[in-house]
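Chemist: Chains as they are written, first to last, in the numbering used here: chain P, 583 to 782; chain F, 583 to 782. Glycine included, C-beta positions come from ideal geometry on N, C-alpha and C.
Protein chains: 2
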Amino acid sequence: MKPVDRREQDRLKTRTAILDATEEIMRKEGYAAVTSRRVAERAGLKSQLVHYHFGTMDELFQEAYRRNDKRFFDKYVKAIIAREPLRKIWELSSSHEGMDLVAEYLSAANHRKILRDEIVQTWSRFRALYISGIEKHYEDNNIDAGDFTPGVMAFLIIAIGGTLANERGLGFSEGHEEIIGFMEALLNKPRGNDRINRLS
Amino acid sequence: MKPVDRREQDRLKTRTAILDATEEIMRKEGYAAVTSRRVAERAGLKSQLVHYHFGTMDELFQEAYRRNDKRFFDKYVKAIIAREPLRKIWELSSSHEGMDLVAEYLSAANHRKILRDEIVQTWSRFRALYISGIEKHYEDNNIDAGDFTPGVMAFLIIAIGGTLANERGLGFSEGHEEIIGFMEALLNKPRGNDRINRLS
DNA sequence: GTCTATAGGCCGATAGAC
DNA sequence: GTCTATCGGCCTATAGAC
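#1: How about arginine 694 of chain F and aspartate 640 of chain F: are their beta carbons less than 8 Å apart?
#2: Quick one: which chain P residues come within Cβ less than 9 Å of threonine 731 of chain F?
#3: Among the residues of its own chain, which have a CB less than 8 Å from the CB of isoleucine 662 of chain F, if the five just before and after it don't count?
#4: What does glycine 753 of chain P touch in chain F if you count any residue whose Cβ is under 7 Å from its own?
#5: Hey, is alanine 614 of chain P's beta-carbon within less than 8 Å of any beta-carbon in chain F?
#6: Is phenylalanine 737 of chain F helix, strand or coil when you go by DSSP?
#7: Tell me which residue opens and which closes the alpha helix (DSSP H) that isoleucine 607 of chain P is part of.
#8: Against chain F, which members of the segment 695 to 727 of chain P pass a CB distance test of less than 7 Å?
#9: Helix, strand or coil for leucine 627 of chain F, going by three-state DSSP, please let me know.
#10: I need the DSSP call for isoleucine 778 of chain P, collapsed to helix, strand or coil.
#11: Using a Cβ-Cβ cut-off of less than 8 Å, give me the residues of the segment 654 to 678 of chain F that come near chain P, in sequence order.
#12: Straight-line CA distance for isoleucine 778 of chain F to arginine 609 of chain P?
#13: Give the single residue among P:Leu601, P:Ala646, P:Glu611 whose Cα lies nearest to the Cα of glycine 626 of chain P.
#14: Among F:Asp587, F:Lys771, F:Glu606, F:Arg593, whose alpha-carbon lies nearest the alpha-carbon of tyrosine 687 of chain F?
#15: Unbroken alpha helix (DSSP H) runs of length 4 or more, entirely within the segment 673 to 718 of chain F: which are they?
#16: Between the segment 736 to 748 of chain F and chain P, which residues of the former have CB atoms less than 9 Å from a CB of the latter, in chain order?
#17: What span of residues does the alpha helix (DSSP H) with alanine 646 of chain P cover, start to end?
#18: Please classify glycine 763 of chain P: does DSSP put it in a helix, a strand, or coil?
#19: For chain P, find out if any of its Cβ atoms is closer than 8 Å to the Cβ of serine 689 of chain F; answer yes or no.
#20: With a cut-off of 8 Å on the beta carbons, I'd call glutamine 644 of chain F and leucine 697 of chain F a contact; round off their distance for me.
#21: Quick one: which chain F residues come within Cβ less than 7 Å of glutamate 756 of chain P?
#22: In the structure shown, what three-state DSSP assignment does threonine 542 of chain F receive?
#23: By how many angstroms is the C-alpha of aspartate 729 of chain P removed from the C-alpha of phenylalanine 751 of chain P?
#24: What are the residues in the segment 632 to 649 of chain F lying within 9 Å of chain P by C-beta distance?
#25: Less than 8 Å between the beta carbons of arginine 709 of chain F and glutamate 756 of chain P, yes or no?
#26: Valine 734 of chain P versus chain F: which residues are under 7 Å apart at the beta carbon?
#27: For a quick check, are the C-beta atoms of serine 706 of chain P and phenylalanine 754 of chain F less than 8 Å apart?
#28: Ignore the nearest five residues each way along the sequence and tell me which others in valine 616 of chain F's own chain have a CB closer than 7 Å to its CB.
#29: Do phenylalanine 764 of chain P and valine 734 of chain F have their CB atoms nearer than 8 Å?
#30: Considering Cα atoms alone, identify which of P:Lys771, P:Asn748, P:Leu668 is closest to glutamate 679 of chain P.
#31: Report the three-state DSSP secondary structure of glutamate 721 of chain P (helix, strand or coil).
#32: Would you kindly work out how many angstroms separate the C-alpha atoms of asparagine 813 of chain P and leucine 746 of chain F, rounded to a whole number?
#33: Roughly how many angstroms separate the alpha carbons of glycine 774 of chain F and isoleucine 739 of chain F, rounded to a whole number?
#34: Let me confirm a value: valine 621 of chain P is counted as buried when at least 16 other C-beta atoms fall within 10 Å, else exposed. Which label applies?
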């Protein structure tokens, strides 16, 4: 048991409530709806407390982003370690949860420089994680990647997963089953055959 | 020569200036920076004129979107008619110009319902255009698409082009050359061979 | 840590003179 | 069509009492 200061506990509770409210608003109404007043209202607090705990709104966004990022990175690392890293990466990247927030933070980054720098860093880290997971998958299963190098596969998964999320956000799903079927086939393709992965 | 009313000319000139300013701000500072005051300032007008000519901001966004959409659709239709539709579609979708605005409108759509409906419509129309262009390419060159059906190719091009644009916007370009090389190979793949396009 | 109060700013939109 | 004037609203952030 770590030493639990009652004051520290309360402090964390309030901070968590604020971050939760921030995330919820961002998810449901978009980042532009994240204002100190709205966040406070949803958390059952006064808006000034948002500033007391997080300073400027920039800092609030930053900390909310970091918390989300940390969660996801940990989740993805576990997926990489699991038995079928490639499939798990695809499942996570094409799933609803999380990917919608990524798009929202990406939009917000246009107007908040700090957030942009933050995103670039984690984006790079995630890309490297994806690639290493895919490399591992290829090695473990003795697959000759052919044209579908780990870098290409990583980009494809990110691009397709992100676009699926964007279009779902619009309420548009034409061709989704088709592209998902394609990815399934790509992920399930026979192993140890250097012919089928080559484009020329 | 069509009848040119001097008043009508002036009216169009002002409207065009406002729409140009709107687009410029959206491109450089993001959609959130598009306010009646800022638009007017950049166009050398008073903010009230924005309302006079376009009514609400929703309507301004809508008309700016439509103008942009019309331009692009015409451009793409010409590309489809051209000699190498598939390659042209890829070039347009992966190019800088235009694709950044798409992302911005997509973000804006989260908070402006009218814009969302508008985007869904044109998104669907563009998807159909892509697919028909790719079908034509396959037929003209006697290509057996295999797993890379027109729907899959269209989605891939949109997803990869859009992601490239997003990442470029962040100042992030790791792996871009690699994925572009992959697409080049995919577009150049030998024709009339039903083997190399199959995943299994 | 949480409250009240408040400064100071930008926003959308309208009314009415010219 | 374009101007001046202006209302009402929501925002970030800070100061100071408790």
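Modeler: This is what the structure holds:
#1: yes
#2: Glu760, Phe764
#3: Lys670, Ile671, Leu711, Ser714, Gly715, Lys718
#4: Val702
#5: yes
#6: The answer is helix: DSSP assigns phenylalanine 737 of chain F an H, G or I state.
#7: 588 to 611
#8: Arg698, Ile701, Val702, Trp705, Ser706, Arg709
#9: coil
#10: Residue placement at isoleucine 778 of chain P cannot be trusted, given a pLDDT of 46 that sits under 50; what the coordinates show is reported in the next sentence. DSSP places isoleucine 778 of chain P in coil when its eight states are reduced to three.
#11: Considering only beta carbons, no part of the segment 654 to 678 of chain F lies closer than 8 Å to chain P.
#12: Unreliable positioning characterises isoleucine 778 of chain F in this predicted model, as indicated by a pLDDT of 46, which lies under 50. The coordinate reading is nonetheless provided below. When rounded, the distance between both Cα atoms is 42 Å.
#13: P:Leu601
#14: F:Glu606
#15: Within the segment 673 to 718 of chain F, the complete alpha helix (DSSP H) runs of at least 4 residues are 681 to 690.
#16: So the close ones are Ala736, Phe737, Leu738, Ile740, Ala741, Ile742, Gly743, Gly744, Thr745, Leu746, Asn748.
#17: 639 to 663
#18: helix
#19: yes
#20: The pair is a contact, with the Cβ atoms about 6 Å apart (cut-off 8 Å).
#21: Ser706, Arg709, listed in chain order.
#22: Here chain F has residues from 583 to 782 only, and residue 542 of chain F is not among them.
#23: The sequence given here has glycine at residue 751 of chain P, not phenylalanine. About 32 Å.
#24: none
#25: yes
#26: Close partners of valine 734 of chain P in chain F (Cβ separation under 7 Å): Glu760, Ile761, Phe764.
#27: Cβ atoms of serine 706 of chain P and phenylalanine 754 of chain F: closer than 8 Å.
#28: Thr604, Ile607, Met608
#29: yes
#30: Ranking P:Lys771, P:Asn748, P:Leu668 by Cα distance to glutamate 679 of chain P puts P:Asn748 first.
#31: helix
#32: The structure shown does not extend to residue 813 of chain P, since chain P is modelled only from 583 through 782, so no value can be given for it.
#33: Reliability of the predicted coordinates at glycine 774 of chain F is poor, the pLDDT of 42 falling under 50, and the value obtained from them is presented with this limitation in mind. If I take the Cα positions, the gap works out to 21 Å.
#34: buried
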